[in-house]
Ligand code: ADP
């Protein structure tokens, strides 16, 4: 069994292949993520961070290369198998919270667990524990629209971690927040990550936040290099 929770090897991705607007985004990208490791992914807009995160999270397939999660090669697996692996092993956080507007914070963190067959009681208990760890337990009954941007992102982290994924993939998770709030929310995330032994790849433009992660990689001409 591989020592890596996530391993990307030789990942290539070209959009609009063979057309005049062809764009080679990934050209052999490699990334190995150890258990409990938090890696910052730093690159300018348009460099291919989202593309890489989507491929790592089995939302998209590369043209070449392999994606292994917990030592299991996901290359060529059926859509069903990939969906199951994504649901169990991967937690996503985006720049915008994407919480379901008609549900409370609590319900938003319970729903992925219910979809995975967890009982209502157990799902509620875990959701409240997660919300408590990031300081928004008292907002549990609020809908996303009645929460601040920082609170919404904290709930989004809890939802991403609801099913104890092996890896969290976050695409500019604090990019939509003012600097002070971004700092606080990032601190919440790091506490949560350290307490749960989470492994994560976090794309960010914020070099100060990147510097607080275990390691930094940047995307350079379609490959990942130490930053
Ligand atoms: P980042 O997340 O670093 O901003 P992206 O991965 O979103 O970068 O995009 C990398 C490049 O690929 C950009 O030039 C973008 O326009 C292009 N791109 C992304 N998705 C698609 C797509 N589905 N079809 C065509 N081009 C795309």
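In our numbering, the protein residues as written are 2 to 228. Cβ coordinates follow ideal geometry from the N, Cα and C atoms, glycine included. Note that the coordinates shown come from a computational prediction; the quantities given were computed from them, not determined experimentally.
Would you mind giving the Cβ-Cβ distance between residue 57 and residue 205, rounded to the nearest angstrom? I have them listed as a contact below 8 Å.
Start at 1 with the first residue of the chain shown, and residue 57 comes out as number 56. Start at 1 with the first residue of the chain shown, and residue 205 comes out as number 204. At roughly 16 Å, the Cβ-Cβ gap does not stay under 8 Å, so residue 57 and residue 205 are not in contact.
Return the chain-ordered list of same chain residues with a C-beta closer than 7 Å to the C-beta of residue 44, the five sequence neighbours on each side being excluded.
Working through the chain shown from its first residue, we reach residue 44 at position 43. Excluding sequence neighbours, residue 44 sits near 50, 219 and 220.
What's the C-alpha gap between residue 176 and residue 201?
Mapped onto the chain shown, residue 176 falls at position 175. Mapped onto the chain shown, residue 201 falls at position 200. In a straight line, the C-alpha of residue 176 is about 17 Å away from that of residue 201.
For a test of your reading of the model: does the CB of residue 39 fall under 7 Å from any non-hydrogen atom of the ligand ADP? Yes or no.
Position 38 of the chain shown holds residue 39. No; taking the cut-off as 7 Å, the Cβ of residue 39 has no heavy atom of the ligand ADP nearer than that.
Who are residue 10's beta bridge partners in DSSP?
For the purposes of this step, residue 10 is identified with residue 9 of the chain shown, where counting begins at 1. Answer is 67.
Consider the C-beta atom of residue 58 and the heavy atoms of the ligand ADP; say whether any pair is separated by less than 7 Å.
For the purposes of this step, residue 58 is taken as the residue at position 57 of the chain shown. No, the ligand ADP has no heavy atom inside 7 Å of this Cβ.
Exposed or buried, residue 116, counting other C-beta atoms within 10 Å across all chains shown (16 or more means buried)?
Start at 1 with the first residue of the chain shown, and residue 116 comes out as number 115. Burial call: exposed.
Under 8 Å by Cβ, that's how I've got residue 88 and residue 222 pegged, so tell me the actual separation to the nearest angstrom.
Taking the chain shown and counting its residues from 1, one reaches residue 88 at position 87. Taking the chain shown and counting its residues from 1, one reaches residue 222 at position 221. With 8 Å as the limit, residue 88 and residue 222 do not qualify as a contact, their Cβ atoms being about 33 Å apart.
Helix, strand or coil for residue 37 per DSSP?
Translated into the one-based positions of the chain shown, residue 37 becomes position 36. The answer is coil: DSSP assigns residue 37 none of H, G, I, E or B.
6 Å Cβ shell around residue 191 - same chain, five flanking residues per side excluded:
To locate residue 191, count along the chain shown from 1; it is residue 190. The answer is none, since no qualifying residue turns up.
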